[in-house]
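Sequence lines, in order, name chains A and B.
The letter at position 128 of the first sequence is residue 128 when you use my numbering, and the numbering goes up by one with no holes.
Position in the second sequence (from 1) plus 345 gives the number in my numbering.
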Amino acid sequence: MVDFGGWDMPVEYSGIVAEHMATRTAAGLFDVSHMGEIEVRGPHALQLVQHVSCNDASKLVVGQAHYSGLMTERGTFVDDLLVHKISDTHYFLCVNASNQDQDFEHIRAHNGVGAQIENAGARYSQLAIQGPKALGILQRFSTTPLDSIRYYYFAFGKVDGVDCMIARTGYTGEDGFEIYFAPEHSEKLWSALLDAGSGHGLLPCGLGARNTLRLEASMCLYGHEIDDTTTPWEAGLGWICKTAKGDFLGRDELIRQKEKGVDRILVGFEMQDRLIARDGCVVSIGGSPAGRVTSGSPAPFLKKNVGMAYVPTASKAPGTEISIGVRANQAPARIVPMPFYKRAK
Amino acid sequence: MYPSDYRYTKEHEWVKVSGDTGTIGITDYAQHELGDVVFVEMPAVGAKIAAGKVFGTVESVKAVSEIYAPVSGEVTEANALLSATPETLNTDPHGAAWLVKIKLSNPSEASALMDAAAYQAFISEKEASA
Numbered sequence: 001m002v003d004f005g006g007w008d009m010p011v012e013y014s015g016i017v018a019e020h021m022a023t024r025t026a027a028g029l030f031d032v033s034h035m036g037e038i039e040v041r042g043p044h045a046l047q048l049v050q051h052v053s054c055n056d057a058s059k060l061v062v063g064q065a066h067y068s069g070l071m072t073e074r075g076t077f078v079d080d081l082l083v084h085k086i087s088d089t090h091y092f093l094c095v096n097a098s099n100q101d102q103d104f105e106h107i108r109a110h111n112g113v114g115a116q117i118e119n120a121g122a123r124y125s126q127l128a129i130q131g132p133k134a135l136g137i138l139q140r141f142s143t144t145p146l147d148s149i150r151y152y153y154f155a156f157g158k159v160d161g162v163d164c165m166i167a168r169t170g171y172t173g174e175d176g177f178e179i180y181f182a183p184e185h186s187e188k189l190w191s192a193l194l195d196a197g198s199g200h201g202l203l204p205c206g207l208g209a210r211n212t213l214r215l216e217a218s219m220c221l222y223g224h225e226i227d228d229t230t231t232p233w234e235a236g237l238g239w240i241c242k243t244a245k246g247d248f249l250g251r252d253e254l255i256r257q258k259e260k261g262v263d264r265i266l267v268g269f270e271m272q273d274r275l276i277a278r279d280g281c282v283v284s285i286g287g288s289p290a291g292r293v294t295s296g297s298p299a300p301f302l303k304k305n306v307g308m309a310y311v312p313t314a315s316k317a318p319g320t321e322i323s324i325g326v327r328a329n330q331a332p333a334r335i336v337p338m339p340f341y342k343r344a345k
Numbered sequence: 346m347y348p349s350d351y352r353y354t355k356e357h358e359w360v361k362v363s364g365d366t367g368t369i370g371i372t373d374y375a376q377h378e379l380g381d382v383v384f385v386e387m388p389a390v391g392a393k394i395a396a397g398k399v400f401g402t403v404e405s406v407k408a409v410s411e412i413y414a415p416v417s418g419e420v421t422e423a424n425a426l427l428s429a430t431p432e433t434l435n436t437d438p439h440g441a442a443w444l445v446k447i448k449l450s451n452p453s454e455a456s457a458l459m460d461a462a463a464y465q466a467f468i469s470e471k472e473a474s475a
């Protein structure tokens, strides 16, 4: 058990590799109740969400979610998050556990329009069930036809008699669901899903597998690939940055940077021999230090060692040979396209 | 669990002495703490290792751990099994997954280390206070 953003959480239950492989081939169950939830309500809800985030929430329909960024005035990340549209006057934000209070403060400080906002983390527990068998296992506990919930959409329904928001989202690169519900039902839902799933290869998964899964799927982690010094353009997240939607915090800086071009960009790499690059290792190109590894680890499903790093834009092409300082060694690696892993359709 | 003819260090290495040959490995407690082992870095044949000094690393999915020599000597063999299948360290840390064999430079060093009972007590106390 370790302290993660103030929460006592397991690194693993039975082993990181076993949990990672179970999620890719059967199912994994994650207690992600540490995640933060912020409710934005009222006639000015959309205006506030639009003002503080970079994606275009006006494009969401009721029951739809999207990935977005909370922005500083400099166009850098306060946090990444999922925005869910519950109604025209109700948006539900899922934010990182470690940033929950800062995010709420940031939104509050920029709530000039007077929307009703609530730091609702204490009112929600969250479980994620991910993997090819996730839908089948979860379906046994719900009368909601889960297959009618499209990817990045959500519905309100019951799971094992408990009222839940059931979202077809996740942080693993697999199909699956994240369910939000009142905390008093946590143990019941966890046990029910674990029991039902164990006959189908489902394993409970800790922070270790959560990290290897998201890294293998080339998903960003706040504090690593993104933080308050990085912009969406640098992080390869231009697809969530909709400067045409109208004014928002950081928009002017972002437009400026888009026109000027970015000096550095996030790339994915694969190690060429047995050495494993870790967070913080120095990346060199042509013999000169060029950046640092933002996340690095074995990728158990691919059976490779991979990572992400910021490099000068001129050097970003897949195939570029780089070398990474691992202990006393200069370990050879190569830039590769991302995502490293993409699930079969 | 912990072989009675091995000697143990506080850093969770073991050594088995046979005349002037020592076989060195890490304990079951160590492999359990590490998690899934993915890579093992060992010294080359002929390298000299010194008691109490780092002589290699064991890398798991989540972290790298330095390995300290329990006794001093010259490496005569590094376990090829661990190059091919590092995960064996998780399943057979006291047997097939030994790390190195050395020619001991000072065979009496091993007697200063913990015996199996003392090591078992040492880790029981660690687990109790965790």
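Glycine is no exception: its CB is placed at the ideal position from the N, C-alpha and C atoms.
What residues match up with residue i in a beta bridge as DSSP calls it?
i, result
"C205 of chain A", "A:F30"
"M9 of chain A", "A:V2"
"S87 of chain A", "A:H90"
"E348 of chain A", "With chain A represented from 1 up to 345, any question about residue 348 of chain A goes unanswered, as that position is not in the structure."
"L266 of chain A", "A:Y310"
"M271 of chain A", "A:A333"
"V78 of chain A", "Beta-bridge pairing links V78 of chain A to no other residue."
"F141 of chain A", "Bridge partners of F141 of chain A: none, in fact."
"G157 of chain A", "A:C164"
"V445 of chain B", "B:I369 and B:A423"
"I226 of chain A", "A:Y222"
"V326 of chain A", "A:N329"
Which residue from the options puts its Cα closest to that of residue i?
i, options, result
"Y171 of chain A", "A:S98, A:K260, A:F30 and A:I86", "A:F30"
"Y292 of chain A", "A:Q102, A:V283 and A:N96", "According to the sequence as given, residue 292 of chain A is Arg; it is not Tyr. For R292 of chain A, the nearest C-alpha among the options comes from A:V283."
"H110 of chain A", "A:A290, A:A45 and A:T243", "A:A45"
"L82 of chain A", "A:Y152, A:I324, A:V62 and A:Q47", "A:Y152"
"W7 of chain A", "A:V336, A:H34, A:S87 and A:I285", "A:H34"
"I276 of chain A", "A:F154, A:G325 and A:D263", "A:G325"
"S98 of chain A", "A:V336, A:G63, A:G112 and A:D227", "A:D227"
"A375 of chain B", "B:S417, B:K393, B:E356 and B:Q465", "B:E356"
"P388 of chain B", "B:K398, B:D381 and B:G380", "B:K398"
"A333 of chain A", "A:K59, A:R168, A:R278 and A:E178", "A:R278"
"G63 of chain A", "A:F141, A:G157, A:G131 and A:G287", "A:G157"
"H439 of chain B", "B:V362, B:T372 and B:Y353", "B:T372"
"V429 of chain B", "B:E386, B:G418 and B:T366", "It is worth fixing the name first, because residue 429 of chain B is Ala in this sequence and not Val. Of the listed residues, the one whose Cα sits closest to A429 of chain B is B:E386."
"D247 of chain A", "A:C220, A:V2 and A:A57", "A:A57"
"Q116 of chain A", "A:P300, A:N305, A:P43 and A:V162", "A:P43"
"A299 of chain A", "A:R214, A:E253, A:A26 and A:E234", "A:R214"
"E411 of chain B", "B:D365, B:P452 and B:L444", "B:L444"
Determine the extent of the beta strand (DSSP E) in which residue i is found, giving its start and end residues.
i, result
"S297 of chain A", "S288 to A299"
"V306 of chain A", "K304 to P312"
"H66 of chain A", "A65 to M71"
"A540 of chain B", "Nothing can be reported for residue 540 of chain B: it is not among the residues displayed for chain B, which extend from 346 to 475."
"V40 of chain A", "G36 to R41"
"I179 of chain A", "G176 to F181"
How far does the alpha helix (DSSP H) with residue i in it reach, from first residue to last?
i, result
"R256 of chain A", "R251 to K260"
"I166 of chain A", "Where I166 of chain A is concerned, there is no enclosing alpha helix (DSSP H), although the beta strand (DSSP E) it sits in stretches over V162 to A167."
"G197 of chain A", "S186 to S198"
"E19 of chain A", "I16 to T25"
"E470 of chain B", "A461 to S474"
"S284 of chain A", "Segment V282 to I285 is the beta strand (DSSP E) holding S284 of chain A; no alpha helix (DSSP H) there."
"A429 of chain B", "A425 to A429"
"V52 of chain A", "A45 to V52"
"L434 of chain B", "T433 to T436"
Please report the distance separating the alpha-carbon of residue i from that of residue j.
i, j, result
"N96 of chain A", "E19 of chain A", "22 Å"
"V11 of chain A", "G206 of chain A", "5 Å"
"L70 of chain A", "G15 of chain A", "34 Å"
"K446 of chain B", "T421 of chain B", "6 Å"
"H200 of chain A", "P183 of chain A", "26 Å"
"M346 of chain B", "M9 of chain A", "29 Å"
"F77 of chain A", "A309 of chain A", "17 Å"
"A462 of chain B", "Y351 of chain B", "10 Å"
"P339 of chain A", "K303 of chain A", "15 Å"
"V311 of chain A", "T231 of chain A", "14 Å"
"E37 of chain A", "R251 of chain A", "25 Å"
"H185 of chain A", "C94 of chain A", "19 Å"
"K258 of chain A", "K242 of chain A", "12 Å"
"W301 of chain A", "R24 of chain A", "The question names Trp, but residue 301 of chain A is Phe in the sequence shown. The straight-line gap from Cα to Cα measures roughly 7 Å."
"V32 of chain A", "S198 of chain A", "19 Å"
"S295 of chain A", "I179 of chain A", "27 Å"
"C361 of chain A", "K245 of chain A", "The question about residue 361 of chain A has no answer, for chain A in this structure spans 1 to 345."
"G268 of chain A", "G238 of chain A", "16 Å"
"I468 of chain B", "L379 of chain B", "15 Å"
"G261 of chain A", "I255 of chain A", "10 Å"
"F384 of chain B", "L135 of chain A", "35 Å"
Quiz item: What are the uninterrupted segments assigned as beta strand (DSSP E) that are 3 or more residues long and contained completely in the stretch 91-138 of chain A, given in chain order?
Solution: 116-119 and 125-130
Quiz item: At which residue ranges does the stretch 353-419 of chain B contain complete beta strand (DSSP E) runs of 3 or more residues, listed in the order of the chain?
Solution: Positions of the beta strand (DSSP E) runs, each at least 3 residues long and wholly inside the stretch 353-419 of chain B, are given as 358-363, 366-371, 382-386, 399-405 and 409-413 in order along the chain.
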